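Asker:
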Amino acid sequence: MEPYLFEGDIFLSEKQALSILMRLEGARNYRSLSSDPDAIWTQLPIKYRFHESLGKFETSQIMEAVNYWQNNTCIRFEHVIEEPAGDFIEFFKGQGCYSTIGRLGGRQGISIGEGCERMGVIEHEIGHALGLWHEQSRPDANEYVKVEKDFVLHSYLCDFQRRGSDEIQTLGIPYDYGSVMHYGSTAFSIDGSSRTLITLDPLYQNTIGQREKLSFYDIRIINEAYCSDQINPKNADCGGMLKATSDWTYLESPGYSDEGYTENQECNWLIDSSHNHRIEIEFVDQFSFLCSNICLDYVEIKLSKDQKNTGPRFCCDEKPKESFISEGSQIVVIFRTQATQDIGFRLRFRTTTNPYKPVRISEEITKSESPSHPSLKRDPDGLTEWGRWSECSRPCGGCGIQSRIRNCEADSCSICNLNACPINANCHRLLFLNRLCDKGVCTNAADELASCNEPSCCPPFFYSDGKCIRDSPKAYTNIENQ
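FYI, in the UniProt record's numbering the residues of the sequence shown are 1 to 482.
1. When the distance is taken between beta carbons, is Phe92 closer than 8 Å to His51?
2. Taking the alpha-carbon positions, what's the Met199 to Gln61 distance?
3. If distances are taken between C-alpha atoms only, which option among Phe160, Asn264, Thr245 comes closest to Pro254?
4. Within the continuous alpha helix (DSSP H) that includes Glu123, where are the two ends?
5. Give the single residue among Glu391, Tyr463, Arg388 whose Cα lies nearest to the Cα of Asn419.
6. Using only alpha-carbon positions, find the residue among Pro174, Arg49, Asp342 that is nearest to Leu296.
7. In terms of DSSP beta bridges, what is Gly209 paired with?
8. Helix, strand or coil for Tyr463? Go by DSSP, reduced to three states.
9. Does the beta-carbon of Gln169 have 16 or more other beta-carbons within 10 angstroms, so that it is buried, or is it exposed?
10. From what residue to what residue does the alpha helix (DSSP H) around Gln61 run?
11. For the pair the region 309–321 and the region 244–259, tell me if three or more CB-CB distances fall below 8 Å.
12. Within 10 angstroms of its Cβ, does Glu300 collect 16 or more other Cβ (buried), or is it exposed?
13. Near Ser329, what residues of its chain come up, given a Cβ to Cβ distance below 6 Å and the 5 sequence neighbours on each side ignored?
14. Tell me, please, whether the region 240–254 touches the region 339–355 by the rule of three or more beta-carbon pairs shorter than 8 Å.
15. Given this structure, state the Cα-to-Cα distance separating Leu171 from Tyr204, to the nearest angstrom.
16. Alpha carbons only, please: which of Asp159, Ile110, Arg313 is nearest the one belonging to Phe335?
17. Compute the Euclidean distance between the alpha carbons of Arg122 and Gly240, then round it to the nearest angstrom.
18. Whose C-alpha, out of Asn142, Ile46, Lys357, is nearest the C-alpha of residue 485?
19. Could you give the first and the last residue of the continuous alpha helix (DSSP H) run that contains Ile75?
20. Which ranges would you report for the beta strand (DSSP E) in the region 139–227 if only whole runs of at least 3 residues count?
21. Give me the Cβ distance between Val152 and Ile190, rounded to the nearest whole Å; I'm assuming they're in contact under 8 Å.
22. With a CB to CB cut of under 8 Å and the five nearest residues on each side skipped, what residues in its chain are close to Asn142?
23. Mind checking whether Tyr183 and Gly164 have CB atoms under 8 Å apart?
24. If we ignore side chains and look at the alpha-carbon of each, how far apart do Pro395 and Asn417 end up?
25. Check whether the Cβ atoms of Ile331 and Ile271 lie closer than 8 Å to each other.
26. To the nearest angstrom, report how far apart Cys421 and Ala129 are at their CA atoms.
27. How long is the line joining the alpha carbons of Ile219 and Asn72, rounded to whole angstroms?
28. Report buried or exposed for Val354, applying the criterion of at least 16 other Cβ atoms within 10 angstroms of its Cβ.
29. Measuring only the C-alpha atoms, how far is Cys116 from Glu125?
30. Going by other Cβ atoms of all chains shown within 10 Å of its Cβ, with 16 needed for buried, is Ala85 buried or exposed?
31. Given Cys238, which residues of its chain have a CB within under 8 Å of its CB, disregarding the five upstream and five downstream residues?
32. Let me know if Ala339 comes out buried or exposed under the rule of 16 or more other beta-carbons within 10 Å of its beta-carbon.
33. Whose C-beta lies closer than 8 Å to the C-beta of Tyr68 among residues of the same chain, with five residues either side of it excluded?
34. Looking at the structure shown, is Ser288 part of a helix, part of a strand, or coil, going by DSSP?
35. Would you call the CB atoms of Thr310 and Tyr175 closer than 8 Å?
36. Between Arg103 and Ser194, what straight-line distance do the alpha-carbon atoms span, to the nearest angstrom?
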């Protein structure tokens with residue numbers, strides 16, 4: 001299934017595919033994907049059912065993820081046994097994790113394949129179905145993250161492109177490093193470990209890509225889109241209110257002085273200054289959490305006045321060396337564990353009159369992390385010649401994208417591999433999708449092994465004499481009128 005997915009886990013509708021194709025070819029796009037009224041679920045509750053390919057464990061995880069969306073937003077879901085009339089979601093076990101963006105109409109599949117059973121991953125795919133794009137695709141993403149193009153698999157370079165403001169609406173919600181919709185640091189890395197996304201605020205490097213649960217702003221943007229900002233705050237299981245004074249006060253994670261923390265603990269502390277002073281905070285003594293590229297067990301501190309936004313998260317045994325100063329008179333400390341047992345953290349805090357100083361990545365570091373391309377010759381204006389085209393990201397059907405690099409200019413992307421995909425006699429993996437079966441066989445036969453009786457193309461292309469073409473005026477009229 002992977003060759004037919006956009007940005008790794010998005011299955012595009014024909015209208016969305018055509019819009020992106022037009023953007024790649026330089027045409028103006030007058031339709032906004034995420035603001036398209038057809039993509040919004042107008043009938044609530046949203047009906048959903050399970051395909052028989054799912055086991056009991058996957059089913060229970062999906063129900064938990066659905067309930068998390070339901071308990072924290074105004075969206076309501078209704079589980080049905082039989083296939084209902086109208087629009088509905090069908091969860092099934094496909095080859096990987098993927099979903100469409102927004103309401104597709106009729107039967108709409110969300111694949112929860114092997115390795116996708118984690119709750120945060122399922123919440124991510126449901127987010128796509130509700131209309132959310134990846135966070136780093138926002139129009140303002142270059143103010144927050146930098147793509148290390150030299151470490152990205154060339155065939156996936158265009159998956160890191162920002163979408164235009166005519167394609168994604170932010171609804172006034174700020175960029176969120178902690179969004180469950182954000183790529184991780186090593187997404188589509190050439191070696192699986194080199195960082196492909198660098199946060200311009202280095203404190204957030206281990207925050208991006210979390211698949212633990214929805215962030216505040218994940219919840220907020222859905223409530224803004226569907227029901228005018230109805231927020232349901234979640235109560236903390238431990239923590240509380242702490243007062244900061246001019247003397248150092250100490251705070252530590254549960255079990256720190258004994259056997260350390262255990263899995264599945266949640267604590268939230270609000271540190272407040274009684275005299276409206278800023279607060280200084282620093283980590284002391286031993287510091288150790290489960291180590292991973294994306295923090296699973298962590299301590300998070302919110303320093304800005306906007307405490308709805310996710311703060312920097314710290315894990316591993318890399319104790320922050322510097323102290324931090326709040327922007328306002330409050331700091332929120334969040335402690336989460338889910339995977340294992342470890343030492344945890346100890347910190348101290350006090351009031352201060354020193355100014356708030358946000359940490360930003362230095363210009364020197366930015367330059368050192370952007371290797372040059374000495375093999376590309378420069379012209380008198382300082383521009384280099386175009387590099388070679390990358391391999392096509394898809395094997396056939398016209399849904400592939402290839403890219404090439406030129407210094408001082410934006411990357412160039414092009415559609416590639418217009419040979420039609422061969423006949424697939426066993427397309428039961430695609431029973432809920434309409435991409436590979438132009439005659440609708442797979443779409444209509446959910447519970448049977450179906451076959452495609454002719455070569456196929458990705459929308460908006462059409463099969464003709466072994467090739468994928470899109471020069472049919474009638475086809476365009478049909479797509480635009482959907």
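Backbone N, C-alpha and C define an ideal beta-carbon position, used for all residues, glycine too. Model, not experiment: these values are computed from the prediction.
Answerer: If we stick to the structure as given:
1. Taking the sequence shown and counting its residues from 1, one reaches residue 51 at position 51. Taking the sequence shown and counting its residues from 1, one reaches residue 92 at position 92. Yes, the Cβ-Cβ distance between His51 and Phe92 is below 8 Å.
2. Within the sequence shown, numbered from 1, the residue matching residue 199 stands at position 199. Within the sequence shown, numbered from 1, the residue matching residue 61 stands at position 61. As written in the sequence, residue 199 is Thr, which differs from the Met given in the question. Each residue's Cα considered, the two are about 31 Å apart.
3. As a position in the sequence shown, residue 254 is number 254, starting the count at 1. The option with the nearest alpha carbon to Pro254 is Asn264.
4. Position 123 of the sequence shown, counting from 1, holds the residue named residue 123. First-last of the alpha helix (DSSP H) with Glu123: 119–130.
5. Taking the sequence shown and counting its residues from 1, one reaches residue 419 at position 419. Measuring from the Cα of Asn419, the nearest candidate turns out to be Tyr463.
6. Translated into the one-based positions of the sequence shown, residue 296 becomes position 296. Here the closest residue by C-alpha is Asp342.
7. Counting from 1 along the sequence shown, the entry for residue 209 is found at position 209. DSSP lists no partner for Gly209.
8. Here residue 463 refers to the residue found at position 463 when the sequence shown is read from its first residue. Three-state DSSP puts Tyr463 in a strand.
9. The residue you call residue 169 lines up with position 169 of the sequence shown. It counts as buried.
10. Counting from 1 along the sequence shown, the entry for residue 61 is found at position 61. Its alpha helix (DSSP H) spans residues 56–72.
11. no
12. Locating residue 300 in the sequence shown gives position 300, counting from the first residue. Buried: at least 16 other Cβ atoms inside 10 Å.
13. One-based indexing of the sequence shown puts residue 329 at position 329. Answer for Ser329: Ser273, Asn276, listed in chain order.
14. yes
15. Translated into positions along the sequence shown, residue 171 becomes position 171. Translated into positions along the sequence shown, residue 204 becomes position 204. In a straight line, the C-alpha of Leu171 is about 23 Å away from that of Tyr204.
16. Your numbering for residue 335 matches position 335 in the sequence shown. Comparing Cα-Cα distances from Phe335 to each of Asp159, Ile110, Arg313, the minimum goes to Arg313.
17. Translated into positions along the sequence shown, residue 122 becomes position 122. Translated into positions along the sequence shown, residue 240 becomes position 240. Checking the displayed sequence, the identity of residue 122 turns out to be Ile instead of Arg. Those two C-alpha atoms are separated by around 31 Å.
18. The structure shown has nothing for residue 485, since the chain only spans 1 to 482.
19. The sequence position of residue 75 within the sequence shown is 75, counting from 1. That residue, Ile75, is in no alpha helix (DSSP H); it is neither H nor E in DSSP.
20. 145–147, 197–199
21. Within the sequence shown, numbered from 1, the residue matching residue 152 stands at position 152. Within the sequence shown, numbered from 1, the residue matching residue 190 stands at position 190. Right, their Cβ atoms sit about 7 Å apart.
22. Counting from one through the sequence shown, the residue named residue 142 turns up at place 142. Closer than 8 Å at Cβ, skipping near neighbours: Arg162.
23. Along the sequence shown, one-based indexing puts residue 183 at 183. Along the sequence shown, one-based indexing puts residue 164 at 164. No, Cβ-Cβ distance for Tyr183 and Gly164 is not below 8 Å.
24. If you number the sequence shown from 1, residue 395 lands on position 395. If you number the sequence shown from 1, residue 417 lands on position 417. Cα to Cα, Pro395 sits roughly 6 Å from Asn417.
25. By one-based count along the sequence shown, residue 331 stands at place 331. By one-based count along the sequence shown, residue 271 stands at place 271. Yes, the pair counts as a contact, with Cβ atoms nearer than the cut-off.
26. Taking the sequence shown and counting its residues from 1, the one referred to as residue 421 is at position 421. Taking the sequence shown and counting its residues from 1, the one referred to as residue 129 is at position 129. Rounded to the nearest angstrom, the two C-alpha atoms are 27 Å apart.
27. Sequence index remark: in the sequence shown, residue 219 carries index 219 (1-based). Sequence index remark: in the sequence shown, residue 72 carries index 72 (1-based). Taking the straight line joining both Cα atoms gives about 7 Å.
28. Within the sequence shown, numbered from 1, the residue matching residue 354 stands at position 354. Per the sequence presented here, residue 354 reads as Asn, with Val not at that position. Burial call: exposed.
29. For this step, residue 116 is matched to residue 116 along the sequence shown. For this step, residue 125 is matched to residue 125 along the sequence shown. Going from the Cα of Cys116 to the Cα of Glu125 covers about 10 Å.
30. What you label residue 85 is simply residue 85 of the sequence shown in a count that begins at 1. Exposed, because fewer than 16 other Cβ atoms sit within 10 Å of the Cβ of Ala85.
31. Against the sequence shown, residue 238 aligns to sequence position 238. If we look at Cys238 and ignore the five residues flanking it on each side, its Cβ neighbours are Pro254, Gln265, Glu266, Cys267, Asn268.
32. Indexing the sequence shown from 1 puts residue 339 at position 339. By the neighbour-count rule (16 or more Cβ atoms within 10 Å), Ala339 is not buried but exposed.
33. To locate residue 68, count along the sequence shown from 1; it is residue 68. Taken in chain order, the residues that qualify are Met119, Glu123, Lys213, Leu214.
34. Along the sequence shown, one-based indexing puts residue 288 at 288. It is a strand residue.
35. Locating residue 310 in the sequence shown gives position 310, where the first residue counts as 1. Locating residue 175 in the sequence shown gives position 175, where the first residue counts as 1. Not in contact: Thr310 and Tyr175 (Cβ atoms no closer than 8 Å).
36. Locating residue 103 in the sequence shown gives position 103, counting from the first residue. Locating residue 194 in the sequence shown gives position 194, counting from the first residue. The straight-line gap from Cα to Cα measures roughly 35 Å.
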